[in-house]
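S.K.:
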Amino acid sequence: MFETIAFYLFALLTVVMFSITVFTRQALYALTALAAGMIFISAFYFLLGADFLGAVQIIVYTGAVMALYAFGMMFFDTTRHVNEHGRSPQIVFLLSGMAALLIVVIFVTPIVSENVTARYPVLEGVGNAQAVGMVLFTKYLVPFEVAAVMLLVAMVAGIVLAGKKMDKSLTLMEEEEIELSKQSQEKAV
Amino acid sequence: MFDNILSILVFFPALAALLGFVVEKGSIRAYGIAVAAIEFALSLVLWYGYDASVVGMQFMESLPLISAFGIHYLVGIDGISLFIIVLATFFTLIGIASLGEVNRIKDMILTLLFLEMTMVGVFVALDAVVFYIFWELSLVPMLYIIGAWGGPLRIYASIKFFLYTFTGSLIMLVGMLFMAYFYHQATGVWSFSILEWYRLVLPENLQIWLFVAFFFGFAIKVPMFPFHTWLPYAHGQAPTIGSVILAAILLKMGTYAFVRFSLPMFPDASVFFMVPIAVISIIMIIYTAMVAYAQEDIKQVVAYSSVSHMGVIVLGTFALNVEGISGSVFLMIAHGVVSGALFMLVGVYYDRRHTKLLSEMGGLASVMPHYATIFGIMVMASAGMPLTINFVGEFLSLLGFYKQSHILTILAGTAIIVGAIYMLAAFKKAFFGTVTNEANRKLDDVNGRELFALVPLVLVTVWLGVYPKPVLEPISNSVTSIVSLMHEKAITPEAKERIPNPMRQDATAEGRH
Amino acid sequence: MELYLYLALFSPLAGSLIAALFGAQPKTLFTGLLTSSLLGLSLVSSTVLLVHILSGGSAVHVEMMTWMATGDLYIPFGFLVDQVSVTMMMVVTVVSTVVHVYSIGYMHHDKGFNRFFSWLSAFVFSMMVLVMSDNFAGLFIGWEGVGLCSWALIGFWYHKESASWAANEAFIMNRIADLGMLIGLFLIYWNVGSLQYDRFFEAVTLLDQSILVMIGIFLFIGAMGKSAQFPLHTWLADAMEGPTPVSALIHAATMVTAGVYLVVRANPLYEMIPDVGYFIASLGAFVAMFAASMALVNRDMKRIIAYSTLSQLGYMFVAAGLGAYWVALFHLMAHAFFKALLFLGAGNVMHSMSDELDPFKMGGLKKSMKWTWIMMTLASVALAGIWPLAGFFSKDLILEVAFVEHHYVLYTVLLLTAMLTAFYSFRLIALIFHGEERYKEYGSHPHEAYTFMLIAMSPLALLAVISGFVFKGSYFDMVTAVLPATEYHVHSPIVFWIMVIGTQLLVGLAIAFAYKKYQNAKIDKVFEERLCYKILRNQYYIPDFYEEYICKPYRELSYVAWKQLDLRIVDATVDGIASLLYKTGEQTHTMQNGNLSTMLRWMVAGTVLLLALGVAFTVGYSVVAG
Amino acid sequence: MEITLTHYLVLSTLLFAIGLIGVMRRTNLLMLFFATEILLNAVNIGFAAISRYYGDLTGQMFAFFVIAIAASEVAVGLGLLIVWFKRSGGIDLTTMTSMKG
Amino acid sequence: MLEPVNISLESLNLVTLSPMLIAVVGALSILSIDLIRGGLHKSLYVMISLLFLLLDLGALLHFVDFFKANGTMLGFFDVMLVDGLAVLSQLIIVITSMLFIPLSLSSKRFHEYNYPEYYALFLFMISGFQFMVATDNLILIFVGLETASLALYTLIAMHNRSKSFEAAVKYFTMGALAAGFYAFGSMVFYALTGSVEINQIATALAADGYSNIAYVLVAVGFMLAAFGFKLSLVPFHTWTPDVYEGSSAALAGYMSIVPKIAAFVVAMRLFEVLVQSGVIWLEVVLYAGVVITMTAANIWALVQTDVKRMLAYSSISHAGFAMAAILIGTTQSNSGLFLYWSLFVFTNLGAFAMLWVNRQKTLLPGQSSDHPYEKFAGLVRTMPMAAVLMALFMLSLAGIPPFGLFWGKLYMIGSAVSGGYTVLALIMALNSAIAGYYYLKLIVYMFMKEPQVSQKNFYMINASLSLKSIIGLAAVVTIFSVILVNPLLEFITAMVYNSGY
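Chains as they are written, first to last, in numbering that gives the first Met the number 0: chain A, 0 to 188; chain B, 0 to 512; chain C, 0 to 625; chain D, 0 to 100; chain E, 0 to 500.
1. In its own chain, which residues sit with a C-beta less than 8 Å from the C-beta of C:M418, not counting the 5 before and 5 after it?
2. Please classify C:Q591: is it buried, with 16 or more other beta-carbons within 10 angstroms of its beta-carbon, or exposed?
3. When the distance is taken between beta carbons, is B:K355 closer than 8 Å to B:V345?
4. If you draw a straight line from the C-alpha of E:P115 to the C-alpha of A:V155, how long is it?
5. CA-CA distance, B:V457 and B:F390?
6. Output needed in chain order: residues of the region 223–256 of chain E with a Cβ under 8 Å from some Cβ in chain D.
7. To the nearest angstrom, how far is the alpha carbon of A:A161 from that of D:L79?
8. On the DSSP bridge assignment, give the partners of E:M79 in chain order.
9. Taking one C-beta from the region 122–130 of chain C and one from the region 269–282 of chain C each time, how about it: are there three or more such pairs within less than 8 Å?
10. Quick one: residues in its chain with C-beta nearer than 6 Å to the C-beta of C:L152, no 5 flanking neighbours on either side, listed in chain order?
11. I'd like the ranges of any alpha helix (DSSP H) spanning at least 4 consecutive residues and lying wholly in the region 8–47 of chain E.
12. Determine the DSSP secondary structure at B:V434, reduced to helix, strand or coil.
13. Of all the residues that make up the region 148–169 of chain A, which are near chain E by a beta-carbon distance shorter than 7 Å?
14. Consider the Cβ of A:F43: report whether some Cβ of chain D lies at a distance smaller than 8 Å.
15. Starting from the C-beta of A:T77, find all residues in its chain whose C-beta is less than 7 Å away, skip the five residues before and the five after it, and write them out in chain order.
16. Taking a contact to mean a Cβ-Cβ separation below 8 Å, would you say D:L77 touches A:L30 in this structure?
17. What does A:Y139 reach in chain D if we use C-beta pairs closer than 7 Å?
18. Go ahead and label E:V305 buried or exposed: buried means 16 or more other beta carbons lie within 10 angstroms of its beta carbon, across all protein chains shown.
19. Can you tell me the Cα-Cα spacing of E:W536 and A:T108, whole angstroms?
20. I need the straight-line Cα distance from C:K159 to B:T433, nearest angstrom please.
21. Which residues, in order along the region 135–156 of chain E, keep a beta-carbon less than 8 Å from a beta-carbon of chain A?
22. Please say whether B:L407 and B:F400 have beta carbons closer to each other than 8 Å?
23. So which residues on chain C does B:S168 lean against when the C-beta distance must stay under 9 Å?
24. If the criterion is Cβ atoms closer than 8 Å, does the pair C:T450 and C:L331 meet it?
25. Does the region 106–122 of chain C come close enough to the region 42–59 of chain C to have 3 or more Cβ pairs within less than 8 Å?
26. Please say whether C:P267 and C:V203 have beta carbons closer to each other than 8 Å?
27. Which same chain residues, not among the five before or five after B:G174, have their C-beta less than 6 Å away from its C-beta?
28. With 8 Å as the C-beta to C-beta threshold (strictly closer), list the residues of the region 602–620 of chain C near chain A in chain order.
29. Taking B:F68 as the reference, which of E:S414, E:L176, E:I325 and E:G435 has the closest Cα?
30. To the nearest angstrom, how far is the alpha carbon of C:V603 from that of A:V21?
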């Protein structure tokens, strides 16, 4: 019963929050709603017994991602009222509505499958974090490491793109200009 | 010495063209003539070495290319291909030799040498893929020749030429792949060898489909009505040398391919499609002759006349008997000589006046009598005057087809009437009457360089018209083997009947004189 | 004898080729002399062969080399000199030698002197090939060859529009007939397996009647073209654009008779199909009358003679069609002599009148051109068939044939035609040579032709006089060795004499009438307003009909085929497909409008489409499965 | 009424659709990126739910990696936005149409 | 409590990781070198990258031997999968990378090449693609894909001009959406089968007899959308021309090959099972997708005014063409795909390198993009060799024999014929004809028009020895591919066949 109530409550909350994110004209509202939605989603994880995931959700999203976005908002100066003139919203709603409708139509029929076997079963009496850790560092060790590489890539990319290195474009400068700027740099050093 | 002569023949010009890049611009003409002359001499050696009494392919060479997919570098010639090869090398030689003052002559000569490789390649290939390679590759130099040295519409013309033929050959390619697939089904191995394919007896409905697929490729190349419209543009815009080679050799690829592929591989389908194709041929003959008659540009007259003559060639091919096919193969050579010469002749005037309009001409006979004489000879040859080369081919083609259908032959025979109409009308407009155009009054007659190209053609025209035997005999022998193959392979009783067994006739023909 | 055969055949060719080398150069008398003497050589050789044949020698048959051989087909260059061909050879060589010599004078001032002789000799060569070949293919070579030379010679003065037009007309019209001939050859080949005369004639008896009829018809179509039979006759009158010696040689004596020669040659065939023969005869009679009627009112000297030629060809076909092959050949020979003479005489007249052709602008020329007058009158008398000149023997024989074979309609027609012939021939003579000297109004200064030209003509004059009288017997003996030896005798002597004398009387009357009417001719305006005059003057409007209903539609249709069909439909379809693709590209590439939102929407739309298809499939699947 | 897997899947779908709306509707790039986050989060709910109902941890693993990916995307995406912003002074995608056709 | 797990090192088959690890180590070492001493010349980094790629290649060649001897190899709890497809595609990826990296040694300086991060990211990207193809685990595929993609977005943006930012942003955003689709599709698969490994998914689905067909279709639909984006199938292709135009020609060429072969392999693993299973829907949808992609892209390419954009559309079309292999799904067609793509590598390398060679920094007046057709007008007059080479690559792309791509086309169409897809074979053939037009257009400009710029070096402004060598290599391979095809085909067929595809 509790689960049901919680589900509907949080479902409503997330839907509302995300709707706000999508529909509002205030960038700040959108960001806040997104953050709230993320937190509400973590509630589902807890509800579903995926405690570790819930924790990660809160830390990564509301902690890291939201901070980044907040920073971005300030950087781009989008805290104010955002003027968007979206074209032909009918198409947008039609397409999304169609997509949702079609999937929902399919999803309301329950899956009939006898062949689903839990390969990495949730063990009774084992904490979720522990269990996750176990699978993560055995079966999913490689993806995990690759994810690490991916984060490294993202980091390098972020640094390269947002850093000073992109300020002056060698692509757009003639060779002589490049030489000049190099010399002046060396002088400055 | 004949071991690798075909490969030498194919790749020598290309190699020479590559080396030609380093030749200095002023000497390139001499270089081109030298290379073309050597190549021509080689082809004569080939002719000399060819044993006319042997049935089947000669000078065969084989080298695995993509053995995993059954593709081999397989070349060889028989009497059918031999003379077209000689013709190709011959025309390249006189084409280069008679080249007037053109821009970027080096590019032109090297392109021609590359073109020569592809032309020879097509006619020696005995592997479908190798054939296809040269077939397609020949488009490229021709595209360049038309597009770079052509008239005002040259780009449109060259692209149209390229894409149209390219489209057709791609459909043909699908047909070839089907053929290989069926061969694979039948034998378990892949092969693109034409000679292997000959051994395959296909059910009639498959034959029909494959025939159609191949037909697109060939018909556009020939070009057959209604796929002919690229030709007037290509000819109209191409420089003289381009038109000459196009008419003399490239068009023959299509008709040659009919003899090489369609007939022996799909005898039943050939019989099935005989009447429709004959009807198309007749349309080509009459309709294009009429269109030629209406032209205002003498080059277009010759261009459309090509289509008209190709109609006779196709008709002869689908006579499906030795007389008709030999005739059509002979006519391929004949038409090559004659239309090549005609295009050259048009070029002679064009070089002087930079126009090809009939309305600009008139009364040239009195200004340029030698030119008029040679032109007249070629016009008459084109109109099928006996004792010229064309007549032999036309006569045999029509004669052969008469066996298949009386009424269609009578219709097709109007070729000799309508052909005379447009040719004579154009000749009259150009050469007869008084000189009305002041610009024509002081034209030079043909010069030595042009005579160098034209006189051999005249000689060949008359020589092979009077004494076609050296060419006709090898052709006839090879055609005989093809026809007997067709007869053996034919499944349907109708096809058996329509395709006579030439071997049987040989026995009775012993006592013919 | 083979040597003589080759000499007779190839010496004209040699002359032609040598002359051709000088073709584009200014006049060199040498070419004329050379070709004439080589023709003389040919004449001598032919005579030797004639003597050989006359002295009972066997036919000379040589096979020079293979021409075409493929599959079953075997065509050699083979030549046969037998009684028929030797007759033709004689006719050809005699007339052409005369014409060559004559032409040296006639073409004296012409720029194309060398070219002329080259073509003229080439023509002789072709004609010799035509008559000497031992197979139909060789015949066809000659057949086309004479056509070619005829084209070149009609259009000899190519700067004249009318000349080159007439040349093309002649060529194309002949080509129409040649197609028939070609089909005939195909029929022969596929039914006999050979184109050799002997093989074919052997096989004739074995073949189906219907096939023989077909062969006969198609071969005759070929003959109709060369011999300008109705409806392919219009080219002959127009062919008079050529130099007059050409008309004499080609369009009177030799080429136009090739059709008759063909029918005579193929006599074993036509023997088997008398119905076709009867048709040929009827057509011949019709043409005889038809052509004569057009000659009545014409005001062009050469055309009048051309129509008379046509008319005489009709006579020959009557004979040939009725199976009297030797008679046809005999008339052919006789006609060749007197008609060539007539033409050459006309040539003299033209020469002296600065190429004037209208006899109404002449008159009274007999004073200044005595010899010409005499020779032309002789020729006309021969043409009219007055005893004892050549025409009487050959032409009246044809009348007898028609009578004896009981074709009285044909006989009547021919008889009337004979009167017409006499009338128009002497109308011409009267207009040219008699009466007042009208030419003075036009400022002409007539003069007699060169003496050597007259001398050159004299053999013809002689032959026109004596050939019937002297040769008839020996000729008959000779040719009937190969042709059916049917003697045509009217059995009742009374009827015979009535016929002969009656005919002579009628002809004489016609001549007298012609003289009376045209001796002092004025152009009769009233007469010229009459319908019948107009019809005849305009050649029954047949050329107009051809122009209006064949040439013009062909031209227009060609234009439509090019502009409308080829460019607007066939080519436009091809370009249409290409431009359809291109236009589609132009219209739709705007979906790439650079806007990210649009791109994202496309992606979502694609996904939605996939899902929708999935659902649709599922529904369909469950319907089918359930 | 028991909450079944279907409930979660439908919820996931709805959130996904909302994300799609955002993706298609937003012209401000930053806010468009918000929408892409929604997409991934919507999927994560589904994964967690399936994982729960099957008693299998793979789903959670997937969700875990999706979170990592989302985080990385944010970093790169923001980096891109920053350079773009520096160069053009705005982050509206309607100004980003120099290439088309 | 959890029990301790004992895993023997051998069973992990660590060696399966070696190629990717080499790439990653290479990237890390480049970063480290830069940390130690900055400002080194780009040639150093190029060479380091090449060295590591060479090692990578060595490892792959080792795999080839191993695979020939022992067949498919699994590692790391069956996450890593080294089968013929993996090895083949990694070979293509690594070799292509080795060919494209030297293109950064252009004579003009461009922004990205002056930063070692570029090379590091490049190597990371390669490892990402390698991971993507060397597994059938949807998670690892996803992570590998994202690693590669994120690096790629950055590489594009590093060209540092507004068009490249625009391109990167567009690519990124659409990539994010595609990632969403991918995740959703995976989720549905997971929901259906409780597994995220392709072979297990396939087994489970087959065991069910596709009873949840609707779910399968949803999953496949989303997956198709995700891979459609990567493979640029219409209508998920819209990023392609913009991204190609925005990035440097060298990178654009790279993008036309490597990401696609990676995606092809995954698509092959994922879809072929389903196509074989007899779900007609998939066949129909794929059929339509292939045909529309080929044709529409061709039609749009017709109207392009910029050569690079034209090549972008052409590469879409080629992708559609190759996608047909997955639809046909026979060993022959799969081998055909690899053959096609191997040959495509060299031709496209040549074509894009030619564009790269004549890339000038400042546009001429009236020029709106880097490589408009007009720029090439009359090239044969000023630089005949360059014109001939460019024409050669165009002809190869058009499928004129005997140049490289013809053999690929031949084999692909042949496989369509053998696979019973006659109409498809015809459509493929006819599309080559349509494509002929726009390739020809460039040839027309080069050979048949009057030059606009008389300055001789204008067209080779960016050339350097290494670029020329690369072009020469591409040309040689393109011309003499006929010799190459047989061994290549035998090798590929053996690899593909033994992997069970």
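Glycine included, each C-beta is placed from N, C-alpha and C at the ideal position.
M.R.: In brief:
1. In the third sequence, residue 418 of chain C corresponds to position 419, counting from 1. The residues are L505, V506, L508 and A509.
2. As a first step, residue 591 of chain C must be located in the third sequence, where it is residue number 592. With 16 or more other Cβ atoms within 10 Å, it is buried.
3. Position 346 of the second sequence holds residue 345 of chain B. Position 356 of the second sequence holds residue 355 of chain B. Yes, these two residues count as a Cβ contact at 8 Å.
4. Indexing the fifth sequence from 1 puts residue 115 of chain E at position 116. Indexing the first sequence from 1 puts residue 155 of chain A at position 156. Their backbone Cα atoms lie some 11 Å apart in a straight line.
5. Along the second sequence, one-based indexing puts residue 457 of chain B at 458. Along the second sequence, one-based indexing puts residue 390 of chain B at 391. Each residue's alpha carbon lies about 14 Å from the other.
6. P240, D241, E244 and G245
7. Numbered from its first residue, the first sequence carries residue 161 of chain A at position 162. Numbered from its first residue, the fourth sequence carries residue 79 of chain D at position 80. Their Cα atoms are separated by approximately 7 Å.
8. Taking the fifth sequence and counting its residues from 1, the one referred to as residue 79 of chain E is at position 80. Paired residues: E:G74 and E:T134.
9. no
10. For the purposes of this step, residue 152 of chain C is taken as the residue at position 153 of the third sequence. W118, G241 and V245, listed in sequence order.
11. 8–11 and 17–35
12. Taking the first residue of the second sequence as position 1, residue 434 of chain B is located at position 435. Of the three classes helix, strand and coil, the one that applies to B:V434 here is coil, per DSSP.
13. V148, M149, V152, A153, V155, A156, V159, L160, K164, M165, S168 and L169
14. Locating residue 43 of chain A in the first sequence gives position 44, counting from the first residue. Closer than 8 Å to some Cβ of chain D, the Cβ of A:F43 qualifies, so yes.
15. Locating residue 77 of chain A in the first sequence gives position 78, where the first residue counts as 1. So the qualifying residues of the chain are A26.
16. Indexing the fourth sequence from 1 puts residue 77 of chain D at position 78. Indexing the first sequence from 1 puts residue 30 of chain A at position 31. Cβ atoms of D:L77 and A:L30: not closer than 8 Å.
17. Taking the first sequence and counting its residues from 1, the one referred to as residue 139 of chain A is at position 140. What A:Y139 touches in chain D: M60.
18. One-based indexing of the fifth sequence puts residue 305 of chain E at position 306. Looking at the sequence itself, residue 305 of chain E is Asp, so the reference to Val does not match. By the neighbour-count rule (16 or more Cβ atoms within 10 Å), E:D305 is buried.
19. Beyond the ends of chain E as shown, which are 0 and 500, falls residue 536 of chain E; an answer cannot be given.
20. The residue labelled residue 159 of chain C in the question sits at position 160 within the third sequence. The residue labelled residue 433 of chain B in the question sits at position 434 within the second sequence. Rounded to whole angstroms, C:K159 to B:T433 spans 7 Å at the Cα level.
21. N136, I138, L139, V142, G143, E145, T146, L149, A150, Y152, T153 and A156
22. Position 401 of the second sequence, counted from the first residue, corresponds to residue 400 of chain B. Position 408 of the second sequence, counted from the first residue, corresponds to residue 407 of chain B. Yes.
23. Within the second sequence, the letter at position 169 stands for residue 168 of chain B. Chain C residues near B:S168: none, gap ~16 Å exceeds 9 Å.
24. As a first step, residue 450 of chain C is located in the third sequence; it is residue number 451 there, counting from the start. As a first step, residue 331 of chain C is located in the third sequence; it is residue number 332 there, counting from the start. Contact flag unset, no.
25. no
26. Taking the first residue of the third sequence as position 1, residue 203 of chain C is located at position 204. Taking the first residue of the third sequence as position 1, residue 267 of chain C is located at position 268. Result yes, Cβ atoms of C:V203 and C:P267 sit closer than 8 Å.
27. Here residue 174 of chain B is taken as the residue at index 175 of the second sequence, counted from 1. Counting only Cβ-Cβ distances below 6 Å, and skipping sequence neighbours, we find L209, A212 and F213.
28. V603, A604, T606, V607, L610, A611, G613, V614 and T617
29. For the purposes of this step, residue 68 of chain B is taken as the residue at position 69 of the second sequence. Per the Cα distances, E:S414.
30. The count along the third sequence starts at 1 and reaches residue 603 of chain C at position 604. The count along the first sequence starts at 1 and reaches residue 21 of chain A at position 22. Between C:V603 and A:V21, the C-alpha separation is close to 16 Å.
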